[in-house]
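Input: a single structure, listed below in structure tokens.
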Amino acid sequence: MIAACGQRVALIGIGSHVPERVMSNDEIATMVETSDEWIAQRTGIRERRIAAASDSSATLGAEAARRALESAGIDAGELDLIVTATASPDYYFPATASLIGQRIGAGEVAGYDLSAACTGFIYALAQAYSQIAAGLAETVLVVGTEVFSRLLDWSDRSTCILFGDGAGAVVLRRDDDRHGLRGFELGADGSGALLLSVAAAGHAADHDEGPFVRMNGPEVYKFATRVVVDSSLRSLEAAGLGVEDVDVFVPHQANRRIIDHAARRLGLDHARVFSNVDRYGNTSAGSIPICLDEAWRQGRIGPGDIVLMVGFGGGLAWGSCVMEWTKERP
Ligand code: COA
Numbered sequence: 009m010i011a012a013c014g015q016r017v018a019l020i021g022i023g024s025h026v027p028e029r030v031m032s033n034d035e036i037a038t039m040v041e042t043s044d045e046w047i048a049q050r051t052g053i054r055e056r057r058i059a060a061a062s063d064s065s066a067t068l069g070a071e072a073a074r075r076a077l078e079s080a081g082i083d084a085g086e087l088d089l090i091v092t093a094t095a096s097p098d099y100y101f102p103a104t105a106s107l108i109g110q111r112i113g114a115g116e117v118a119g120y121d122l123s124a125a126c127t128g129f130i131y132a133l134a135q136a137y138s139q140i141a142a143g144l145a146e147t148v149l150v151v152g153t154e155v156f157s158r159l160l161d162w163s164d165r166s167t168c169i170l171f172g173d174g175a176g177a178v179v180l181r182r183d184d185d186r187h188g189l190r191g192f193e194l195g196a197d198g199s200g201a202l203l204l205s206v207a208a209a210g211h212a213a214d215h216d217e218g219p220f221v222r223m224n225g226p227e228v229y230k231f232a233t234r235v236v237v238d239s240s241l242r243s244l245e246a247a248g249l250g251v252e253d254v255d256v257f258v259p260h261q262a263n264r265r266i267i268d269h270a271a272r273r274l275g276l277d278h279a280r281v282f283s284n285v286d287r288y289g290n291t292s293a294g295s296i297p298i299c300l301d302e303a304w305r306q307g308r309i310g311p312g313d314i315v316l317m318v319g320f321g322g323g324l325a326w327g328s329c330v331m332e333w334t335k336e337r338p
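The sequence shown lines up with residues 9 to 338 when you count with the numbering used here.
Here it is, written out as structure tokens:
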């Protein structure tokens with residue numbers, strides 16, 4: 009799916025929230041046979057955040073949402089819709105979006121969850137854009153939130169080193185003048201679906217996988233390096249822009265080597281690439297909005313900048329989005 013955004017939709021608010029508890033690579037090395045050196049060299053990850061027992065995807069997401077609303081200067085009651093991207097919801101139902109809506113005092117706002125794993129935030133942005141463009145909503149909160157630490161088999165060193173917990177949120181609004189969202193490319197290849205999966209209650213009863221992340225790392229790595237580049241180029245083309253127009257590249261934070269490979273292939277110099285994978289690991293649907301928020305608060309993204317975002321992961325799905333930054337500096 010490739011699309012240019014014909015309607016004007018602006019990003020007016022952004023926020024993120026990560027748990028306080030830091031888990032270092034050295035701490036993981038006390039649980040499985042690995043080392044800080046191995047993890048840092050193969051992934052770029054040094055540490056990640058782990059949710060407290062009282063935290064959930066809804067509580068982390070609600071805190072990110074509060075911050076996004078505060079930065080937008082609007083009340084939760086002004087929202088028409090909440091779209092939550094998560095692969096680690098509090099419940100199958102109710103939707104995490106309902107729980108977040110209640111926590112932030114959004115009243116009887118419409119809301120639902122979207123399952124597209126690490127591509128979830130990009131899919132949710134596309135959903136929010138579509139609802140606004142179709143006239144169904146004017147102001148939409150998009151939340152990417154995960155507590156992946158509870159989906160990990162902590163005795164599997166090939167997966168437990170990679171993920172962390174956290175949430176990010178943005179507020180989008182129909183705008184008369186500012187053309188924020190510019191282009192999308194979304195896709196998925198179900199033939200690779202079981203290369204990266206977590207079984208849920210509805211899967212075939214004679215096929216017990218356990219409720220943990222299962223992954224073929226090398227195959228997912230090959231897939232990721234291919235789609236990050238291809239999808240980025242397609243959404244730029246949809247937006248009528250080129251790599252030379254990109255001010256900030258915000259890829260999904262799965263592995264520093266995947267990010268560096270993509271940046272090299274796209275011809276993006278280091279200064280235009282934002283990454284925090286060293287501090288948070290892979291927070292799945294939380295990763296891109298957490299990056300956007302940090303980049304904005306650090307002054308790395310400002311009004312008028314062209315931001316290229318790209319996500320990939322379970323599905324195997326991918327998606328990218330080109331946006332002109334419409335939010336004033338903090
Ligand atoms: N510590 C030490 N050794 C480890 C290890 C760890 N945490 N995990 C795996 N190894 C070992 C393997 O057992 C293997 O040993 P062997 O050669 O004796 O059999 C060796 O390291 C190489 O394993 P391999 O899986 O080929 O490593 P890799 O270079 O592909 O790196 C990943 C593994 C997981 C870091 C890498 O494949 C990756 O990042 N893939 C993409 C994953 C991803 O991003 N998923 C989420 C997408 S949203």
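Even for Gly, the Cβ is constructed at its ideal location relative to N, Cα and C.
On a predicted model such as this, the values are computed, not experimentally measured, just so you know.
Proximal residues to residue i (C-beta, below 7 Å), its chain only, five neighbours per side dropped
{"i": "residue 273", "result": "237"}
{"i": "residue 48", "result": "33 and 54"}
{"i": "residue 84", "result": "77, 112, 113 and 114"}
{"i": "residue 106", "result": "119"}
{"i": "residue 304", "result": "22, 335 and 338"}
{"i": "residue 280", "result": "254, 255, 256 and 257"}
{"i": "residue 121", "result": "92, 94, 97, 103, 104 and 105"}
Of the residues the options, the one placed nearest residue i, counting alpha carbons only
{"i": "residue 332", "options": "148, 188 and 233", "result": "188"}
{"i": "residue 40", "options": "253, 163 and 72", "result": "163"}
{"i": "residue 111", "options": "139, 57 and 65", "result": "65"}
{"i": "residue 31", "options": "312, 291, 57 and 15", "result": "57"}
{"i": "residue 61", "options": "157, 92 and 102", "result": "157"}
{"i": "residue 202", "options": "256, 303 and 125", "result": "125"}
{"i": "residue 182", "options": "323, 137, 172 and 215", "result": "137"}
{"i": "residue 218", "options": "177, 160, 42 and 165", "result": "160"}
{"i": "residue 46", "options": "327, 169, 150 and 289", "result": "169"}
{"i": "residue 22", "options": "239, 36, 72 and 240", "result": "72"}
{"i": "residue 269", "options": "14, 131 and 50", "result": "50"}
{"i": "residue 90", "options": "100, 81 and 104", "result": "104"}
{"i": "residue 129", "options": "294, 145 and 300", "result": "294"}
{"i": "residue 306", "options": "194, 282 and 143", "result": "282"}
{"i": "residue 18", "options": "327, 312 and 319", "result": "312"}
{"i": "residue 194", "options": "308, 52 and 240", "result": "240"}
{"i": "residue 96", "options": "165, 326 and 208", "result": "208"}
{"i": "residue 229", "options": "180, 262 and 82", "result": "262"}
{"i": "residue 301", "options": "151, 117 and 143", "result": "151"}
{"i": "residue 234", "options": "249, 215, 271 and 315", "result": "271"}
{"i": "residue 315", "options": "227, 249, 148 and 289", "result": "249"}
{"i": "residue 288", "options": "264, 278, 310 and 308", "result": "264"}
{"i": "residue 79", "options": "242, 177 and 278", "result": "177"}
{"i": "residue 226", "options": "260, 266, 216 and 242", "result": "266"}
{"i": "residue 149", "options": "143, 171, 123 and 117", "result": "117"}
Close beta carbons around residue i, own chain, < 6 Å, minus the five adjacent residues each side
{"i": "residue 68", "result": "25, 153 and 175"}
{"i": "residue 324", "result": "197, 200 and 231"}
{"i": "residue 342", "result": "A query on residue 342 cannot be resolved here, the shown segment of the chain reaching from 9 to 338 and no further."}
{"i": "residue 141", "result": "15"}
{"i": "residue 206", "result": "159 and 221"}
{"i": "residue 4", "result": "Residue 4 lies beyond the range of the chain shown here (9 to 338); nothing can be said about it."}
{"i": "residue 135", "result": "91"}
{"i": "residue 356", "result": "This structure cannot settle anything about residue 356, because the visible part of the chain is limited to 9 through 338."}
Span separating the alpha-carbon of residue i from that of residue j
{"i": "residue 185", "j": "residue 335", "result": "13 Å"}
{"i": "residue 247", "j": "residue 330", "result": "7 Å"}
{"i": "residue 75", "j": "residue 297", "result": "12 Å"}
{"i": "residue 28", "j": "residue 173", "result": "10 Å"}
{"i": "residue 276", "j": "residue 251", "result": "7 Å"}
{"i": "residue 139", "j": "residue 37", "result": "46 Å"}
{"i": "residue 321", "j": "residue 127", "result": "6 Å"}
{"i": "residue 286", "j": "residue 258", "result": "14 Å"}
{"i": "residue 211", "j": "residue 100", "result": "13 Å"}
{"i": "residue 12", "j": "residue 44", "result": "43 Å"}
{"i": "residue 328", "j": "residue 20", "result": "20 Å"}
{"i": "residue 93", "j": "residue 292", "result": "9 Å"}
{"i": "residue 319", "j": "residue 82", "result": "28 Å"}
{"i": "residue 179", "j": "residue 214", "result": "43 Å"}
{"i": "residue 70", "j": "residue 42", "result": "34 Å"}
{"i": "residue 242", "j": "residue 260", "result": "17 Å"}
{"i": "residue 109", "j": "residue 155", "result": "18 Å"}
{"i": "residue 165", "j": "residue 133", "result": "33 Å"}
{"i": "residue 299", "j": "residue 59", "result": "18 Å"}
{"i": "residue 35", "j": "residue 143", "result": "50 Å"}
Proximal residues to residue i (C-beta, below 8 Å), its chain only, five neighbours per side dropped
{"i": "residue 245", "result": "10 and 191"}
{"i": "residue 86", "result": "147"}
Q: List in chain order: all unbroken beta strand (DSSP E) runs of 3+ residues lying wholly within the segment 115-183.
A: 118-122, 147-155 and 173-182
- Item | alpha helix (DSSP H) runs contained entirely in the segment 38-66, provided each spans 4 or more residues | 44-51
Practice item. Run through the segment 255-312 for me and flag every whole beta strand (DSSP E) of 3 or more residues, listed as ranges in chain order. Key: 256-259
Along the chain, which unbroken stretches of the alpha helix (DSSP H) at least 4 residues long are found entirely within the segment 67-120?
104-111
To test your reading of the DSSP string, which unbroken alpha helix (DSSP H) runs of 4 or more residues are found completely within the segment 180-254? 225-246
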